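Okay, structure first, notes after.
Protein chains: 2
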Amino acid sequence: MTIKNRQITLAERPKGMPDEQTFQFKTEEINDIQQDEVLLRTLYVSVDPYMRGRMVDAESYIEPFQLNEVIEGGSIGEVIESKSDHYAVGDVVIGSFGWQEYYIAKANEVRKIDPSVAPISTHLGILGMTGLTAYFGLLDIGQPKEGETVVISGAAGSVGSVVGQIAKIKGAHVVGIAGSDEKIQFLKDELGFDEGINYKTTKNLAEDLKKACPNRVDVYFDNVGGEISDIVLSQLNTFARVPVCGAISTYNSEEADLGPRVQTTLIKKSAMMQGFTVGNYTDRFKEGAMQLGKWLQEGKLTYRETIVEGFDKIPEAFLGLFKGNNIGKLLVKVSDKSQ
Amino acid sequence: MTIKNRQITLAERPKGMPDEQTFQFKTEEINDIQQDEVLLRTLYVSVDPYMRGRMVDAESYIEPFQLNEVIEGGSIGEVIESKSDHYAVGDVVIGSFGWQEYYIAKANEVRKIDPSVAPISTHLGILGMTGLTAYFGLLDIGQPKEGETVVISGAAGSVGSVVGQIAKIKGAHVVGIAGSDEKIQFLKDELGFDEGINYKTTKNLAEDLKKACPNRVDVYFDNVGGEISDIVLSQLNTFARVPVCGAISTYNSEEADLGPRVQTTLIKKSAMMQGFTVGNYTDRFKEGAMQLGKWLQEGKLTYRETIVEGFDKIPEAFLGLFKGNNIGKLLVKVSDKSQ
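Protein sequences appear in the order of chains L and X.
Those letters in the first sequence? Residues 1 to 339, per UniProt numbering, in order.
Those letters in the second sequence? Residues 1 to 339, per UniProt numbering, in order.
Rendered as structure tokens:
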């Protein structure tokens with residue numbers, strides 16, 4: 001029986017917001033697997049803002065996507081055929097095989113996950129790269145101390161929602177900035193943030209931030225860049241730390257990203273901005289994942305996922321990231337695990 | 001005999017470049033000194049770019065100058081009368097008594113310096129705050145490693161000229177940016193910089209910088225801010241460190257300091273910018289001063305001073321900082337030490 005594998009490739013490099021021209025659906029036949037390979041059926045794919053950066057041909061910390069190749073990204077699959085001693089049919093694995101319904105993986109390209117610990121989707125979220133991004137960015141760079149004020153932009157997103165909870169575990173006063181009242185309610189009621197500011201409806205973000213941060217901002221976890229960050233940076237405290245994780249407000253802009261230069265602020269406040277990507281911490285992933293899992297089991301961390309159903313919906317789900325559609329981690333469910 | 005003490009006070013807060021309205025010359029009579037006080041005659045006063053920041057009434061790491069009060073700043077004086085057990089007539093001391101010809105200091109307001117080790121003026125320069133600023137900014141924040149590329153703006157100034165030499169001691173490839181051919185020659189011929197770029201005459205700073213930094217920029221010691229820094233920041237290497245020491249290009253501007261936002265660069269390069277002031281390192285001054293003194297004695301460090309003569313010339317000398325008049329540390333000599 002031949003298997004038809006649907007794939008989504010990068011058809012052209014987007015200028016501004018990606019659209020239906022950006023992606024192409026293709027179908028190819030899956031070959032027979034070889035020794036030390038497994039055939040996977042995709043269960044979940046992750047859609048993440050950083051993928052926008054890989055769609056253009058610019059130098060960055062990660063290679064650009066190749067035109068007419070499958071869009072790579074975090075994904076979870078079930079082994080449906082195995083010629084590897086390490087994997088049995090029914091095993092659930094995680095890898096970077098991206099936006100396709102099936103994939104033939106070499107044994108060392110994927111890693112088994114234990115579905116008994118937590119829902120498998122969490123390995124693309126709070127127990128996966130987004131959780132680890134929050135963990136290392138906040139703790140290694142932000143280093144919040146008890147009683148300090150931590151501000152997070154994109155606070156209801158996959159990373160921000162974890163950052164705020166870890167900051168609370170560390171005893172900080174936590175303020176989230178997000179784009180809807182529903183998100184603000186989620187931050188305060190479900191995640192225990194002290195304050196939330198809806199940047200879309202506020203009349204004066206600077207004033208609201210001042211009220212929410214009477215002792216100014218010790219740690220600013222920046223997921224968005226742009227004008228929101230300009231305002232938060234203007235309220236830093238002495239010796240503030242700014243982990244720079246993302247700049248989603250600028251990813252689809254073709255205009256120059258101009259704003260107030262930061263040098264004077266950094267000098268006046270002896271403040272620090274540090275860009276990072278989770279890949280910098282590869283050798284500490286185990287530590288991070290164990291701690292996140294422990295907090296999750298102890299009930300100190302919680303999470304929400306926004307799950308879109310259906311392979312066809314992947315491009316639409318991805319674009320939804322830039323509209324702020326998701327609360328927590330945004331995933332696309334491609335198929336159910338077999339019983 | 002009454003002593004007339006000439007002083008320079010802040011007459012009004014400057015908008016844009018300070019001018020003759022900014023400063024006022026006053027004369028007051030010196031009172032008798034009390035127990036535990038010394039009377040100082042000023043030998044040298046330091047003029048430094050950071051003082052421009054203190055002339056406006058804005059929140060910063062240091063209090064603004066008060067209107068109609070003497071301009072404070074690093075200065076060296078000779079004890080001409082003493083009622084302190086700790087100081088004898090003829091001792092040379094350093095303090096912050098600023099722009100005046102005489103000063104009555106409490107014993108704990110000043111610190112004795114040893115004129116036998118190095119010329120006394122060096123205690124306002126390479127062995128003083130500017131040397132320490134270079135030392136801690138480069139070594140604690142920049143942390144250059146052997147073979148890395150260090151770029152310095154304002155490279156021929158009091159701080160930059162020391163930064164480059166320390167970077168050479170650490171085995172780095174050192175590139176200085178400065179504003180005259182004379183300065184570039186000084187950097188290369190006298191201080192041992194590998195490359196120098198005259199930003200005023202270059203046709204394309206970005207291209208010249210690329211040529212001078214084939215492996216990109218690992219450490220950027222930023223003294224100037226503005227467009228020069230925009231260009232250097234665009235050529236950072238992965239895991240680059242940017243000690244942000246000054247932004248002299250902007251200090252006299254009343255316009256908003258707008259430029260490319262740094263977030264995307266910082267993320268792409270996992271790069272770090274850290275503002276600082278030398279005051280952050282008070283508890284390590286002794287270590288820094290000892291190391292600088294040792295390097296100086298070993299001939300591993302050299303320095304140049306631009307010395308303007310005469311108390312009346314202080315405002316003019318200060319303004320010269322922003323015209324790039326000085327090579328190395330800029331000082332005003334107010335009087336000779338008695339023999």
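Using N, Cα and C, we set each Cβ at its ideal position, and we do this for glycine too.
Since the structure is predicted, the reported quantities are computational estimates derived from the model, not experimental observations.
| said: Using CA atoms only, rank isn't needed, just tell me which of L:53, L:309, L:245, L:82 is closest to residue 134 of chain L. | reply: L:245
| How would you label residue 41 of chain L, buried or exposed, when you count the other beta carbons within 10 angstroms and need 16 or more for buried? | buried
| request: From the DSSP output, in three-state form, read off residue 146 of chain X for me. | output: coil
| message | Would you say residue 272 of chain X lies against chain L (beta-carbon separation less than 9 Å)? | response | yes
| Cross-strand partners of residue 242 of chain L (DSSP beta bridge) | L:273
| Which listed residue (L:140, L:218, L:336, L:15) has its alpha carbon closest to that of residue 285 of chain L | Comparing Cα-Cα distances from residue 285 of chain L to each of L:140, L:218, L:336, L:15, the minimum goes to L:140.
| So with Cβ pairs under 9 Å, would you call residue 59 of chain L a contact of chain X? | yes
| With 16 as the cutoff for other CB atoms within 10 Å, does residue 67 of chain X come out buried or exposed? | exposed
| request: Would you please verify whether the beta carbon of residue 213 of chain L is less than 9 Å from any beta carbon of chain X? | output: no
| According to DSSP, residues forming a beta bridge with residue 41 of chain X | X:78, X:102
| Hey, how far is the Cα of residue 298 of chain X from the Cα of residue 287 of chain X? | 17 Å
| query | Is any beta-carbon of chain L found at less than 9 Å from that of residue 268 of chain X? | reply | yes
| field | Cβ separation of residue 137 of chain L and residue 221 of chain L, assumed to be a contact under 8 Å, to the nearest whole Å | value | 6 Å
| CB contact check: residue 149 of chain X to chain L, cutoff 9 Å | no
| field | Distance, residue 38 of chain X Cα to residue 303 of chain X Cα | value | 31 Å
| Segment contact, 8 Å Cβ cut-off, at least three pairs: the region 216-235 of chain L with the region 271-279 of chain X | no
| message | My output table needs one value for residue 178 of chain X: the three-state DSSP class, helix, strand or coil. | response | strand
| request: Go ahead and label residue 101 of chain L buried or exposed: buried means 16 or more other beta carbons lie within 10 angstroms of its beta carbon, across all protein chains shown. | output: buried
| task | For residue 345 of chain X, count neighbouring C-beta atoms within 10 Å of its own C-beta (all shown protein chains included) and say buried if the count is 16 or more, exposed if not. | result | There is no way to answer for residue 345 of chain X, as the model of chain X reaches only from 1 to 339.
| task | Under 7 Å between beta-carbons, which chain X residues line up against residue 280 of chain L? List them in chain order, please. | result | 270
| task | Run the CB neighbour count on residue 89 of chain L, radius 10 Å, all protein chains shown included, and call it buried at 16 or more, exposed below. | result | exposed
| task | Would you tell me roughly how many angstroms separate the C-alpha atoms of residue 260 of chain X and residue 255 of chain L, rounded to the nearest one? | result | Near 11 Å, if we compare the C-alpha coordinates of residue 255 of chain L and residue 260 of chain X.
| query | Going along chain L in order, which residues have a C-beta closer than 8 Å to the C-beta of residue 258 of chain X? | reply | 258, 259, 260, 261
| task | Tell me whether residue 171 of chain X is buried or exposed, calling it buried when 16 or more other Cβ atoms sit within 10 Å of its Cβ. | result | exposed
| task | Kindly indicate if chain L contains any beta-carbon less than 9 Å away from that of residue 158 of chain X. | result | no
| request: Name the two residues that bound the continuous beta strand (DSSP E) containing residue 8 of chain L. | output: Per DSSP, residue 8 of chain L belongs to the beta strand (DSSP E) from 4-10.
| query | So which residues of chain L does residue 175 of chain X contact, with C-beta pairs closer than 9 Å? | reply | Residues of chain L passing the Cβ test: none, with the nearest at roughly 19 Å.
| request: Tell me, please, which residues DSSP counts as bridged to residue 173 of chain X. | output: In the DSSP assignment, the residues bridged to residue 173 of chain X are X:149.
| query | Between which two residues does the beta strand (DSSP E) containing residue 218 of chain L stretch? | reply | 217-221
| Using a Cβ-Cβ distance under 9 Å, would residue 276 of chain X count as near chain L? | Answer yes: the Cβ-Cβ gap between residue 276 of chain X and chain L drops below 9 Å somewhere.
| field | Cβ-based neighbour list, residue 202 of chain X, same chain, cut-off 8 Å, excluding 5 preceding and 5 following | value | 208
| said: Within a Cβ cutoff of 6 Å, which residues of the same chain sit near residue 151 of chain L, ignoring the five residues on either side of it in sequence? | reply: 175, 217, 220, 232
| task | Taking residue 232 of chain X as the query, report the chain L residues whose CB atoms sit under 7 Å from its CB, ordered along the chain. | result | Ordered by position in chain L, no residue passes the 7 Å Cβ test against residue 232 of chain X, which lies about 12 Å from the chain.
| task | Step through the CB atoms of chain X and report whether any lies within less than 9 Å of the CB of residue 73 of chain L. | result | Not flagged as an interface residue toward chain X: residue 73 of chain L, since no C-beta distance is shorter than 9 Å.
| For chain X, is any of its Cβ atoms less than 9 Å away from the one on residue 130 of chain L? | no
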